[in-house]
Amino acid sequence: MNGPAPTLQVEGLRTHFFTKVGVVKAVDDVSFSVDRGEVLGLVGESGSGKSVTGFSILGLVDPPGRITDGRILFKGEDLVGRSESQWRTLRGARIAMIFQDPMMTLNPVLRIDTQMIEAIRAHEKVSDATARQRARDALGQVGIPSPDERLKAYPHQFSGGMRQRVAIAIALINKPDLIIADEPTTALDVTIQAQILFEAQKLCRETGTALIWITHDLTVVAGLADRICVMYAGKIVEQGRIDDVLDRPLHPYTHGLIGSVPSRNKRGQPLEQIPGMTPSLMNPPPGCGFRARCARAAAECVRDPDITSPVDGRQIRCFHPHLEDA
Amino acid sequence: MLVFTIRRLMQSVIVLFVMSLIVFIGIYAVGNPVDILINPEADIAEQEATIRRLGLDRPLWSQYFSFLNSALYGDLGTSFVHNEPALELIFERLPATLEIAVGAVGLAIVIGIPAGMVAGLRPDSLIGKTIMSGSILGFSLPTFWVGLMLIMLFAVMLGWLPASGRGDTVDLFGVPVSFLTWDGLTHILLPAFNLALFKMSLVIRLSRAGTREVMLQDYVKFSRAKGLSESRVILVHVLKNILIPVVTVLGLELGNVIAFAVVTETVFAWPGIGKLLIDSIGLLDRPVVVAYLLLTVTMFILINFVVDVLYSVLDPRVRLGDMKS
Ligand SMILES: Nc1ncnc2c1ncn2[C@@H]1O[C@H](COP(=O)(O)OP(=O)(O)O)[C@@H](O)[C@H]1O
Ligand code: SF4
Ligand SMILES: [Mg+2]
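If you read the protein sequences in the order shown, they are chains A and B. First residue of the first sequence: 1, per the numbering used here; consecutive thereafter. First residue of the second sequence: 327, per the numbering used here; consecutive thereafter.
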């Protein structure tokens with residue numbers, strides 16, 4: 001590849017949890033990349049390994065989990081195998097993360113200003129006044145009214161939506177190159193979801209920050225992302241430009257997902273559902289993880305399908321993709 | 327806050343009243359102080375004079391009402407034995423008890439919280455397991471036995487520390503204290519540690535459980551995701567959260583520490599109110615016993631109040647007005 005390296009490039013990442021009862025292959029050979037100002041949607045049902053992917057990029061995988069293979073290239077430099085202190089200089093400074101539940105991400109016994117200022121001072125030696133000023137500006141930036149007053153408040157004095165804005169402000173505060181947003185709007189109601197989504201996207205585009213938006217809800221990323229990765233059972237099964245994937249899903253799983261979104265169904269027809277359940281990631285058998293639920297499964301599906309690119313700009317992991325309905 | 331205080335105050339008065347009644351009747355049931363106090367060789371007239379002077383000739387209810395009457399003016403009676411106001415007797419000995427009680431709580435915090443956090447952060451390590459075994463011992467060994475063992479080891483066998491008494495004292499704001507002289511400090515160490523042992527075990531368990539729970543919270547992971555150093559995560563984000571239950575329980579236990587001091591004071595011949603109580607019970611010195619118990623109850627009430635206030639300072643989610651008291 002020519003030109004500057006993309007903001008983040010993940011190659012063959014495997015993150016496994018070595019529990020007493022077996023190995024959980026939460027992330028198993030995942031590759032994708034995001035570039036400056038780009039929004040990547042990472043979609044998959046609950047338990048498919050999205051959060052673990054996010055935490056792997058921050059070097060925050062909880063034991064007994066660890067990255068067993070692969071590379072995480074941040075601006076061209078591999079992070080895997082770095083020391084804890086090297087990770088720490090990146091966390092919150094160059095790579096920031098927003099968590100799912102805004103009620104749980106802020107420390108209940110510390111004031112907002114404390115929690116914002118410490119995020120600045122962990123990376124920069126600045127005076128208290130400067131840090132406070134920056135915290136104030138960050139709150140204003142995410143649309144929190146009277147930021148001066150709100151800085152002195154405790155988390156419980158904010159609504160869920162406002163808390164998530166504070167978390168976003170903390171993520172933005174050091175002007176990171178990459179933000180990983182792990183289902184940040186799932187716990188919020190729909191109108192606030194849309195607002196936050198829109199604003200986060202706008203902020204990233206303005207600052208050139210790359211954004212990975214994790215969600216289990218395809219409709220959330222439909223109007224937001226540039227590209228999309230569909231994750232299933234620890235693997236990315238389909239990847240491409242958002243419009244291409246939505247218009248013409250190739251992988252049977254994506255096909256089923258899109259079929260189950262109400263607005264895309266023809267009126268009066270029953271919702272299509274994907275039969276069966278998410279397989280356990282504990283000691284998974286070899287072969288395509290979707291085959292127990294796949295209508296197109298055939299004999300060769302007991303082997304692991306490789307990543308192929310049957311259509312330009314698309315990548316899938318399937319022996320029998322939906323190529324015929326073009 | 328005002329409503330909360332007033333409600334508390336009214337409850338306290340009722341508790342004190344009921345308490346005094348129970349103690350009065352209780353001591354009356356235990357035995358007749360006259361049998362102990364009066365010299366059997368004195369003649370009848372002399373004996374009767376003493377009985378009348380102490381008011382013991384009147385029926386119990388009448389004695390109780392005159393007690394209540396003077397109690398309203400702050401007079402809790404005069405010791406039958408020492409012939410001194412009961413309150414004065416207690417206040418003379420109170421500083422000694424407070425000193426080991428505060429010392430004990432201090433030790434429990436200073437040793438218990440770090441030990442509990444280490445055990446919580448490394449539950450499967452050798453040190454974590456050692457700390458937990460130690461806390462089980464601290465819970466289960468009886469205070470008087472540990473006290474005797476401490477004396478045997480440090481005073482008798484090693485000869486490092488004195489076995490009894492307060493040692494040299496100096497006056498601090500007119501109150502004699504031991505901890506400001508070297509000699510006094512060596513005297514206070516063993517009894518304070520003995521008294522602390524139980525609370526320390528409690529603090530260790532609370533801190534360990536708290537640490538383990540808090541470490542799993544999203545906000546700890548989020549604080550790491552902000553790039554904070556591990557020491558800031560643990561010393562600010564984790565510690566501040568576990569302090570809430572620890573302070574609450576310890577505060578509530580401060581009264582208990584003073585009550586438990588009875589055993590430790592007896593073992594170490596520490597001249598505090600615990601020892602005074604034991605001696606007074608032995609002599610059926612009712613005014614002193616009543617005064618001691620009323621004072622202790624008042625102290626419990628005060629401590630609970632202070633803890634509630636402190637709690638609301640530590641935990642911003644608590645508002646005193648909403649609290650069920
Ligand atoms: N600490 C852990 N120990 C063991 N397994 C874990 C741990 N964290 C996550 N997992 C497993 O990893 C898999 C992926 O989890 P996760 O990334 O949280 O899914 P998602 O975010 O897509 O809902 C799940 O099967 C989960 O059980
Ligand atoms: S590889 Fe086979 S089982 Fe897996 S999705 Fe494709 S067709 Fe279905
Ligand atoms: Mg998740």
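Cβ atoms here follow ideal geometry from the backbone N, Cα and C, with glycine treated the same way.
- Listed in chain order, the beta strand (DSSP E) elements of length 3 or more contained wholly in the segment 56-138 of chain A are 65-74, 95-98.
- Contact between A:Ala-167 and A:Leu-211 fails: their C-beta atoms lie close to 14 Å from each other, not under 8 Å.
- For the 9 Å CB-CB criterion, A:Val-109 and B:Ile-439 do not form a contact.
- Shortest Cα-Cα distance from A:Glu-300 to any of A:Pro-284, A:Arg-317, A:Val-311, A:Pro-310 involves A:Arg-317.
- For B:His-563, the closest Cβ of chain A is nearer than 9 Å.
- Among the CB atoms of chain A, one or more fall inside 9 Å of the CB of B:Leu-640.
- Using a Cβ distance threshold of 9 Å, A:Arg-227 and A:Ile-242 count as a contacting pair.
- Sixteen is the threshold: since fewer than 16 other Cβ atoms of the shown chains lie within 10 Å of the Cβ of B:Val-329, the residue is exposed.
- By the Cβ criterion, the segment 70-79 of chain A is in contact with the segment 4-20 of chain A, since at least three pairs of Cβ atoms, one from each stretch, lie closer than 8 Å.
- B:Lys-552 sits in coil when the DSSP states are folded into three classes, being neither helix nor strand.
- With its beta carbon at least 9 Å from every one in chain B, A:Tyr-253 lies outside the interface.
- Leaving aside the five residues that flank B:Ser-490 on each side, the residues in its chain whose CB is nearer than 7 Å to its CB run, in chain order, Phe-594, Ala-595.
- The C-beta distance from B:Thr-507 to B:Gly-493 rounds to 7 Å, short enough to meet the 8 Å contact threshold.
- Apart from the 5 residues on each side of it in sequence, B:Leu-640 sits with its Cβ closer than 7 Å to the Cβ of Leu-569, Ile-570, Val-573 in its chain, given in chain order.
- Judged by the Cβ position, A:Ser-56 fails to qualify as a neighbour of ligand 3 at the 8 Å threshold, every heavy atom of the ligand being at least this far.
- DSSP places B:Ile-629 inside the alpha helix (DSSP H), whose first and last residues are 612-640.
- For the segment 116-145 of chain A, residues whose beta-carbon sits nearer than 8 Å to a beta-carbon of chain B comprise Glu-118, Ala-119, Ala-122, His-123.
- Counting C-beta pairs with one atom in each stretch, the segment 89-108 of chain A and the segment 529-537 of chain B have fewer than three that are closer than 8 Å, which means they do not touch.
- In this structure, A:Ala-122 sits away from B:Ser-557, with a CB-CB distance that is not shorter than 9 Å.
- For A:Phe-18, the enclosing beta strand (DSSP E) stretches over residues 8-19.
- Look at A:Glu-118: its beta carbon is at least 8 Å from all of the heavy atoms in ligand 1.
- In the three-state reduction of the DSSP assignment, A:Thr-308 falls in the strand class, which pools E and B.
- A:Tyr-232 has A:Lys-235 as its beta-bridge partners, per DSSP.
- Residue list for ligand 1: A:Phe-17, A:Val-24, A:Ala-26, A:Ser-46, A:Gly-47, A:Ser-48, A:Gly-49, A:Lys-50, A:Ser-51, A:Val-52, A:Asp-62, A:Leu-281 (CB closer than 5 Å to any heavy atom, chain order).
- Contact fails between the segment 159-166 of chain A and the segment 79-87 of chain A, because fewer than three Cβ pairs, one in each stretch, are under 8 Å apart.
- When Cβ-Cβ separations below 9 Å define contact, A:Arg-291 makes no contact with chain B.
- Selection A:Ala-298, A:Gly-143, A:Pro-252 evaluated against A:Tyr-232 yields A:Pro-252 as nearest (Cα-Cα).
- At least one CB of chain A lies nearer than 9 Å to the CB of B:Tyr-545.
- Boundaries of the beta strand (DSSP E) harbouring B:Pro-502: 501-503, taken from the DSSP string.
- B:Arg-538 has a beta carbon lying at 9 Å or more from every beta carbon in chain A.
- CA-to-CA, the gap between B:Pro-597 and B:Glu-418 works out to about 10 Å.
- Within the DSSP secondary-structure output, A:Arg-227 pairs in a beta bridge with A:Leu-40, A:Arg-241.
- Scanning chain A for C-beta atoms nearer than 8 Å to the C-beta of B:Phe-350 yields nothing, as the closest lies near 46 Å away.
- Counting of Cβ neighbours within 10 angstroms places B:Asn-395 among the exposed residues, the total staying below 16.
- A:Phe-32: member of the beta strand (DSSP E) spanning 22-34, first to last residue.
- The beta-carbon of A:His-322 is placed no less than 9 Å from the nearest beta-carbon of chain B.
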